[in-house]
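*Asks:* So the sequence shown is numbered by the working numbering: it starts at 2 and just counts up by one. Even for Gly, the Cβ is constructed at its ideal location relative to N, Cα and C. Predicted, not measured: the structure shown is a model, and the values here were computed from it.
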Amino acid sequence: MLRESLPKIVTPPPGPKAKEVLERRAQAMPNAIKSIYPCVIKRGEGAMFEDVDGNVFLDWVGGAELFRRRVFVRHDSSCK
2 MLRESLPKIV TPPPGPKAKE VLERRAQAMP NAIKSIYPCV IKRGEGAMFE
52 DVDGNVFLDW VGGAELFRRR VFVRHDSSCK
């Protein structure tokens, strides 16, 4: 299962499959809509995701967002 995997790099990002998708995306999307991540996600489970080239990453960005929301919810609920 992906959720039980450890991070692994098969090919340095962006790999050949990701480069192909990112090049197609650049041709199809306006310059005002950019992606700064050289990653094309294929699937995800739990806190892990796999890109189209087979690299497995820890999704730390999602966790940071959950922490941010939790802090603000606690702060907002205490301000009555």
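1) Helix, strand or coil: how does DSSP classify R3 here?
2) Could you give the distance in angstroms between the alpha-carbon of E5 and the alpha-carbon of P31?
3) What is the rounded straight-line gap between the Cα of E46 and the Cα of V57?
4) Identify the continuous beta strand (DSSP E) that holds K43 and give its terminal residues.
5) Is I55 near V22, with beta carbons less than 8 Å apart?
6) Helix, strand or coil for V57, going by three-state DSSP, please let me know.
*Replies:* Result, derived from the coordinates:
1) Looking at the sequence itself, residue 3 is Leu, so the reference to Arg does not match. Residue state, collapsed to three classes: helix.
2) Whole-angstrom Cα-Cα distance: 38 Å.
3) Approximately 11 Å between the Cα atoms of the pair.
4) From DSSP, the beta strand (DSSP E) with K43 extends over 42-46.
5) What sits at residue 55 in the sequence shown is Gly, not Ile. No, Cβ-Cβ distance for G55 and V22 is not below 8 Å.
6) It is a strand residue.
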